[in-house]
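Taking it in order: structure first as C-alpha cells, then the write-up.
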Amino acid sequence: MLREDLEATVGEILQGHDDLIQEYQRIRIHFDEREDFEMARIQIEEAKKEALRKIASVERQAAHIRACEAQSKSALLRLPREIRDTIWNDVVQGNIVHISRIRVEDASSSSSFKYHSCVATEGLKSSACPAGEGDHALCARTSRSDFPSYRLVCKQMNLELPEARATFFAKNALHFDNAEDAEHFIFGLKERDRAAITHVRFPVSYTLAMKDLILDMEFKAWEAIMNYFSCPWARATLHLDEDDSEFLKKPWYFYYSSCYYHENRDRMYKKWQVGFGDTSWDIDIASLRYKAEPKIDIGMEYPESAKATRFRLCARSHAPFSTQFDNPPPWLRSLLKFRQYSGLNFHFWAPDPTSEEYGILRVPRHEAFVEALQEEVSRSEIGPWKIVEFRRKPFGNPDRASLRNL
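Heads up: take any position in the sequence shown, counting from 1, add 153, and you land on our numbering.
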C-alpha cells in the first residue's frame, strides 16, 4: 500500500479522535526515521559488496593475464585446437584409477572414496593386486586424491579436456583394493554411470576358492559384481528397477514359461521370462538391447601357504580349480555366467613377491585351470535356438538347455 493511501485510510478511521491522530503522527515519525536508517545501511552494504566485486574482478583479470602469458609460452597450447583435441582424447583414456574406500578414522572427507593415479610401470599389463602391494607398491591409497592430476596443469587445459564425468567411467580402468570396496562403489552409482564402466580391476583372496559358504562378505561382493556385469543387456530393456541395487546383484536368467495363473486368463501359451533371483516376469525378446560387458581383471592372491597345499575331494566339497565345469565350485558359479566373453583376465599375484615373482605370478599347478576358464567363458556355443542366455534357473548352464525340444 502506498503511503498516501495509508494516510487517507488512517484519517478516515480516526476521524473525530484527535488524541489518536496525534499518537499516530508521533509513531509515524519514529517509523520514518527507522526507514531512513535502514535505507542508509542497505546503501552502505551494497557499496561494500560492489567494492569487493570490483576487487575480485580485478584479481581474476590479473590472474587470467598471468595464465595467458604462461600458456603463450607453452609449445603444446600453441598447437592448433584440432591437434590438441586429439592429444586430450589420448590423455583421458587408458588410465588406471586406484579407488580406495575411506575408513572410519578418515571419514572427514565429503567423499567415501579416494582416487589416485596408478604409477605401476607395467600399466594395464600389471597385476590386479591392491595399491601399495606387489607391482603397485608405489601407488598411493591413503593420501589426498590426485586423480585426474592432469586437469591441474593449467586452466586452459582443464577447459579443453573432455567432460570429466563422461570419461571417468568409460575411458579408465577402475582398480579397487578388494571385492567389497568394488561392490560398495559400483552399486552406489546411478545406473547410467554403472552401465558406462568399461574396465574393472580388483583382487580376491585365495580362500575365496575354498569357501562353500555363501555368507562370507567377500563371497557376497564377488557374486554381486559377477552377476551384474555378466548380463549383456541394457537394464532398461529388461524392465528392471534401476534404483534397487540389491535387486541388480541377484543372478539373472531367461526361461520359456507356459505357466497359467488366475490374474491372466489369456496367458495359455509359452512366453519368454527374465528372472532375477526368485522373481521373474514376461519379457519381449525383440526389445532387448545389447550392452557389452566390461573388461574384468581379477588378481587372486597366491600366498606362500598355498604352494604346499594339496586338495582332497570329499562328497561335500568341490575341486576349487578343476578344469571340468559341469559341477563348478561355488565361487565359479557366477563367473561362468559370462558367455562368448573375451574380456576376462584372471591371474595370480604374490603378496610377498621376490624379484622373480614381481607382478603377475605364474603358477604351474593352476595354468591348466586358467586356460580352461578363459576357453569356457569365451567359446560357449550359442546358436539360433539359443538366442539369449537360456538357463532355466539362476546358475544354470546354457549349454545344457535347448529350445529345440520344447
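Don't be surprised by glycine CBs; every beta carbon is placed ideally from N, CA and C.
Neighbourhood of residue i by C-beta, 6 angstroms cutoff - its chain only, sequence neighbours within 5 removed
i: Trp-147; result: Residue 147 falls outside the range modelled here, since the chain spans only 154 to 559, and no answer is possible.
i: Gly-428; result: Tyr-406
i: His-328; result: Ile-249, His-251, Arg-354
i: Gly-164; result: none
i: Cys-384; result: Trp-405
i: Thr-162; result: none
i: Ala-228; result: none
i: Phe-602; result: Only positions 154 to 559 of the chain appear in the structure, and residue 602 is not among them; the question remains open.
i: Arg-206; result: none
i: Lys-424; result: Ser-410, Asp-435
i: Glu-395; result: Glu-344, Arg-388
i: Pro-537; result: Per-residue confidence for Pro-537 stands at a pLDDT of 40, beneath the threshold of 50, marking its modelled position as unreliable; the derived number appears in the next sentence. Excluding residues within five positions, none has a Cβ falling inside 6 angstroms.
i: Leu-488; result: Met-379
Nearest neighbour of residue i, chosen from the options [CA to CA]
i: Val-516; options: Phe-491, Val-163, Glu-454; result: Glu-454
i: Ile-255; options: Leu-229, Glu-524, Thr-295; result: Thr-295
i: Lys-444; options: Phe-382, Asp-450, Asp-172, Ser-279; result: Phe-382
i: Ser-265; options: Asp-238, Lys-308, Ala-281, Asp-334; result: Asp-334
i: Leu-485; options: Ser-495, Ile-451, Ala-459; result: Ile-451
i: Asp-437; options: Tyr-408, Glu-344, Glu-199, Gly-430; result: Tyr-408
i: Ala-319; options: Glu-160, Val-245, Glu-520; result: Val-245
i: Ala-439; options: Gln-426, Ser-433, Glu-446, Thr-432; result: Gln-426
i: Lys-343; options: Leu-401, Trp-386, Gln-309, Ala-362; result: Leu-401
i: Ser-398; options: Arg-388, Phe-340, Lys-364; result: Phe-340
i: Arg-297; options: Lys-308, Tyr-268, Pro-315; result: Tyr-268
i: Ser-253; options: Arg-237, Leu-230, Gly-285, Glu-316; result: Gly-285
i: Gly-247; options: Lys-226, Cys-271, Glu-520, Gln-493; result: Cys-271
i: Ala-377; options: Ile-197, Ala-161, Pro-547, Arg-492; result: Pro-547
i: Glu-316; options: Glu-203, Trp-241, Glu-199; result: Trp-241
i: Lys-308; options: Arg-213, Glu-186, Arg-388; result: Arg-213
i: Ala-503; options: Ala-216, Lys-201, Val-357; result: Val-357
i: Arg-234; options: Ser-210, Met-310, His-217; result: Met-310
i: Trp-434; options: His-392, Met-192, Glu-198; result: His-392
i: Phe-522; options: Ala-362, Trp-386, Lys-403, Ala-387; result: Ala-362
i: Ile-182; options: Asp-396, Glu-160, Asp-299, Ile-208; result: Glu-160
i: Arg-345; options: Gly-430, Ala-387, Arg-187; result: Ala-387
Contact with chain C by residue i, beta-carbon distance below 7 angstroms
i: Asp-171; result: Absent from the structure is chain C; it holds one protein chain and no more.
Own chain, CB closer than 8 angstroms to residue i, minus 5 neighbours either side, in chain order
i: Leu-167; result: Leu-173, Ile-174, Tyr-177
i: Trp-273; result: The residue you asked about is not Trp; residue 273 is Ala in the sequence shown. Answer for Ala-273: Ile-249, Ser-279, Asp-288, His-289, Leu-291, Cys-292, listed in chain order.
i: Tyr-359; result: Met-453, Glu-454, Tyr-455, Pro-456, Ala-459
i: Arg-237; result: Leu-229, Leu-230, Glu-313
i: Ser-261; result: Reliability of the predicted coordinates at Ser-261 is poor, the pLDDT of 49 falling under 50, and the value obtained from them is presented with this limitation in mind. No residues qualify anywhere along the chain.
i: Asp-158; result: none
7 angstroms Cβ shell around residue i - same chain, five flanking residues per side excluded
i: Arg-370; result: Sequence check: residue 370 is Met here, not Arg. Here the set comprises Glu-333.
i: Ala-468; result: Below a pLDDT of 50, predicted positions are generally treated as unreliable, and Ala-468, at 44, falls in that range; no measurement from the model is reported.
i: Asp-171; result: none
Supposed close pair residue i, residue j - CB separation, criterion 8 angstroms
i: Lys-490; j: Asn-380; result: 7 angstroms
i: Gly-512; j: Glu-275; result: 6 angstroms
i: Thr-476; j: Arg-442; result: With 8 angstroms as the limit, Thr-476 and Arg-442 do not qualify as a contact, their Cβ atoms being about 35 angstroms apart.
i: Tyr-474; j: His-519; result: The sequence given here has Phe at residue 474, not Tyr. The pair is a contact, with the Cβ atoms about 5 angstroms apart (cut-off 8 angstroms).
*Whole beta strand (DSSP E) elements within the region 360–416, 3-residue minimum*: 405–410
*Ignoring anything shorter than 3 residues or poking outside the region 430–494, list the beta strand (DSSP E) runs there in chain order.*
432–435, 448–454
*With a floor of 3 residues, list each beta strand (DSSP E) that falls wholly inside the region 273–319, ordered by position along the chain.*
none
*For the region 325–351, list the alpha helix (DSSP H) runs that are entirely contained and at least 4 residues long, ordered along the chain.*
332–339, 344–349
*For the region 317–325 and the region 343–361, state whether three or more C-beta atom pairs, one from each stretch, are separated by less than 8 angstroms.*
yes
*Is there contact here, the region 521–532 with the region 490–500, by at least three beta-carbon pairs under 8 angstroms?*
yes
*Please confirm if the region 274–284 is in contact with the region 300–315, defined as three or more CB-CB distances below 8 angstroms between the two stretches.*
no
*Would you list, in sequence order, the uninterrupted alpha helix (DSSP H) runs of no fewer than 4 residues that lie entirely inside the region 203–247?*
234–244
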